[in-house]
Amino acid sequence: MTTESDAPVLDTLAAMTLDSIERCHMDARSLILARIAALVAMDAPAISYLAHVDPAIRADFTADQLQDLLVAIAPVVGTARVMSAAGHLAEAFDVAIALVETDAENMARAEAHPHRVS
Numbered sequence: 002m003t004t005e006s007d008a009p010v011l012d013t014l015a016a017m018t019l020d021s022i023e024r025c026h027m028d029a030r031s032l033i034l035a036r037i038a039a040l041v042a043m044d045a046p047a048i049s050y051l052a053h054v055d056p057a058i059r060a061d062f063t064a065d066q067l068q069d070l071l072v073a074i075a076p077v078v079g080t081a082r083v084m085s086a087a088g089h090l091a092e093a094f095d096v097a098i099a100l101v102e103t104d105a106e107n108m109a110r111a112e113a114h115p116h117r118v119s
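Per the working numbering, residue 2 is the first one in the sequence shown, and the count goes up by one each step.
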């Protein structure tokens, strides 16, 4: 039995991702490298990278390591795709930072006014 959702496409994508991770026997670092390399190869938009920001951080990736990935795959995927990916990665990290800042501001506001209903 399935349930109705306000975001059936996102729910489906999330389910596909979870299924893929459960069936994959790669360590977290190798998995995120493979996924980001695939995103670069297909010239994915920034929103696709955004879904990989948190897993990359959890796998202890640094900006330098992600740059190394782009350098490593550049001869295969080409300059245009790598430059596009660099911009998309930067945009995804900017969005992730903005989301964290907004959450922190909302939490601080809620703590300052615990009885106020927004």
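Glycine residues also receive a C-beta, built at the ideal position from the N, C-alpha and C atoms. Model, not experiment: these values are computed from the prediction.
Exercise for the section: Quick one: residues in its chain with C-beta nearer than 8 Å to the C-beta of I33, no 5 flanking neighbours on either side, listed in chain order? Expected result: H53, P56, A57, A60 and F62
Problem - Boundaries of the alpha helix (DSSP H) in which P76 is found, first to last residue - result: Start and end: A64 to V78.
Practice task
Have a look at A47 and V83 and give me their C-alpha separation to the nearest angstrom.
Solution key: 13 Å
Problem - N-terminal and C-terminal residue of the alpha helix (DSSP H) that E23 is part of - result: P9 to R24
Exercise for the section: Tell me whether the beta-carbon of I37 lies closer than 9 Å to the beta-carbon of L70. Expected result: yes
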